[in-house]
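Student:
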Amino acid sequence: MKKTFRVRYIAIHIHANINKQTFENILLDTLKHLYGEIGLGTIWLKIISYDEKSNIAIIRVDHKHVNHIRSAISLFSYSGTKLQAHVIRISGTIKTLHKTLKIKMQTLKS
Amino acid sequence: MILMRIFIDFNIKPTNYSKDSLLEFINMALHLGYRALVIEISSNEEAELIKSLSGKRVKLYTRYTILAHSPSELKKTSRKVRWTDLIIAECFNQETARIAAKLENIHAILIPPEKLSLINERQINSMKMKERPLEIKFMDIFYTQNLQNTIRLIAKYLISASSKIPIIISSGAKEPSEMRSPRDMIALFSILGLNQEKTLDMISKNPYSLIRRLA
Numbered sequence: 046m047k048k049t050f051r052v053r054y055i056a057i058h059i060h061a062n063i064n065k066q067t068f069e070n071i072l073l074d075t076l077k078h079l080y081g082e083i084g085l086g087t088i089w090l091k092i093i094s095y096d097e098k099s100n101i102a103i104i105r106v107d108h109k110h111v112n113h114i115r116s117a118i119s120l121f122s123y124s125g126t127k128l129q130a131h132v133i134r135i136s137g138t139i140k141t142l143h144k145t146l147k148i149k150m151q152t153l154k155s
Numbered sequence: 419m420i421l422m423r424i425f426i427d428f429n430i431k432p433t434n435y436s437k438d439s440l441l442e443f444i445n446m447a448l449h450l451g452y453r454a455l456v457i458e459i460s461s462n463e464e465a466e467l468i469k470s471l472s473g474k475r476v477k478l479y480t481r482y483t484i485l486a487h488s489p490s491e492l493k494k495t496s497r498k499v500r501w502t503d504l505i506i507a508e509c510f511n512q513e514t515a516r517i518a519a520k521l522e523n524i525h526a527i528l529i530p531p532e533k534l535s536l537i538n539e540r541q542i543n544s545m546k547m548k549e550r551p552l553e554i555k556f557m558d559i560f561y562t563q564n565l566q567n568t569i570r571l572i573a574k575y576l577i578s579a580s581s582k583i584p585i586i587i588s589s590g591a592k593e594p595s596e597m598r599s600p601r602d603m604i605a606l607f608s609i610l611g612l613n614q615e616k617t618l619d620m621i622s623k624n625p626y627s628l629i630r631r632l633a
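Chains A and B, in that order, give the protein sequences.
Here the working numbering is used: the first sequence runs in plain steps of one and ends on residue 155.
Here the working numbering is used: the second sequence runs in plain steps of one and ends on residue 633.
Shown next as structure tokens:
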């Protein structure tokens, strides 16, 4: 049987030094502003991790709502804060995401 | 064979034209995955500096935007400008939009999102005849006072026009921090009902074919 609920893990790079709580507040505010409470509920959002050193956040969303997250990220400063962020990678499993992120970070360092 | 898309930011408007500031834009473009930038200029000196910085990793092109409030002003300015690769007409009324679609030396028409109602059937037909693309600046959506109304106008006029004329989405960034990742920028248009391929063409195929036509 085909699975109806599938998730995507998204790695986001934030171009500012903020902590996990601030990032969560900005993301939730923007999503709520754009799609409302019902929209936010259906996105099935969860912040998996936030690395304050590299400013990379990993979030989990429903696979149908990846574009909702992407558009919210591109309109981040609409909620009042001027913040630049972009999606680095999207993956179906967290293991692959970590793997590709590791490779990407190594190439960036070299 | 699947070819990789070449992403182009069609509208970069730096506040400072020093070499360092332009290099910051180039580095950000590389980081976000762009392969070419089209930079707004107003003089020959700026054009020469940009040409000297154009490289293999990120190609740079120049553009000049005419703020067209009247057809006579548009005609006069378009004849004068010689130092850029591209001339874009930013139209604020129906008359100038019609003339901009007919003038040979105008390469694309920029319409602010709140004026999208100018894109009616007649305008689309004249733009289609001359293969003139329509440009929308993402920063105009970003800084809009009424996001709800802007999104309604995009959904009403832009989505229907996208099947007939090529549309270009550009960032219109004044600082490197205002630049957005190409796929993030078009996500909003995918949500509004355009298919993925068409939205990707807006930042890759459509601006690229315009640049290639000039080369």
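For glycine and all other residues, C-beta sits at the position ideal for the given N, C-alpha and C.
Being a predicted model, the structure only gives us computed values, none of them experimental.
For the candidate residues Leu448/B, Ile430/B, Leu576/B and Ile457/B, whose alpha-carbon lies nearest to that of Trp501/B?
Tutor: Checking every option, the nearest Cα to that of Trp501/B belongs to Ile457/B.
Student: Whole angstroms are fine: how far does the CA of Gln129/A sit from the CA of Pro530/B?
Tutor: Taking the straight line from one Cα to the other gives about 23 Å.
Student: Distance, Cα to Cα, Glu532/B vs Lys431/B?
Tutor: About 20 Å.
Student: For Arg570/B and Met545/B, what's the separation of their Cα atoms in angstroms?
Tutor: Roughly 23 Å separates the two Cα atoms.
Student: Mind checking whether Leu534/B and Gln512/B have CB atoms under 8 Å apart?
Tutor: The answer is no: Cβ separation not under 8 Å.
Student: Thinking just about the alpha-carbon of each residue, which of Leu448/B, Ala573/B and His487/B is nearest to the one in Gly473/B?
Tutor: Answer by Cα proximity: Leu448/B.
Student: Hey, out of Ser496/B, Phe560/B, Ile583/B and Ile424/B, whose CA is closest to Leu606/B's CA?
Tutor: Of the candidates Ser496/B, Phe560/B, Ile583/B and Ile424/B, the one whose C-alpha sits nearest the C-alpha of Leu606/B is Phe560/B.
Student: Taking DSSP's pairing of strands, which residues face Glu458/B in a bridge?
Tutor: Answer is Arg481/B, bridged to Glu458/B.
Student: Within the continuous alpha helix (DSSP H) that includes Ile444/B, where are the two ends?
Tutor: First-last of the alpha helix (DSSP H) with Ile444/B: Lys437 to Leu450.
Student: Who are the neighbours of Ile55/A on chain B, taking C-beta pairs under 7 Å?
Tutor: The premise fails here: Ile55/A is roughly 11 Å from chain B at the closest Cβ pair, so nothing lies under 7 Å.
Student: Short of 6 Å in beta carbon distance, which residues of its chain neighbour Glu69/A, apart from the five on each side in sequence? Order them along the chain.
Tutor: Answer for Glu69/A: Ile92, listed in chain order.
Student: Would you say the region 96-110 of chain A touches the region 56-68 of chain A, given that touching needs at least three Cβ pairs under 8 Å?
Tutor: A contact exists between the region 96-110 of chain A and the region 56-68 of chain A.
Student: Establish whether the CB of Ser439/B and some CB of chain A are separated by less than 8 Å.
Tutor: It does not: the Cβ of Ser439/B has no partner Cβ on chain A nearer than 8 Å.
Student: Determine, for Leu73/A, whether the minimum Cβ-Cβ distance to residues of chain B falls below 8 Å.
Tutor: It does not: the Cβ of Leu73/A has no partner Cβ on chain B nearer than 8 Å.
Student: Indicate the three-state DSSP secondary structure (helix, strand or coil) for Glu549/B in the structure shown.
Tutor: Reduced to three states, the DSSP call for Glu549/B is coil.
Student: Does DSSP classify Ile133/A as helix, strand or coil?
Tutor: DSSP places Ile133/A in strand when its eight states are reduced to three.
Student: For Ser595/B, tell me which candidate among Lys127/A, Ile71/A and Asn62/A has the shortest Cα-Cα distance.
Tutor: When only C-alpha atoms are compared, the closest one is Lys127/A.
Student: Nearest to Glu463/B by alpha carbon, out of His487/B, Val476/B and Lys437/B?
Tutor: Nearest of His487/B, Val476/B and Lys437/B to Glu463/B, Cα basis: Lys437/B.
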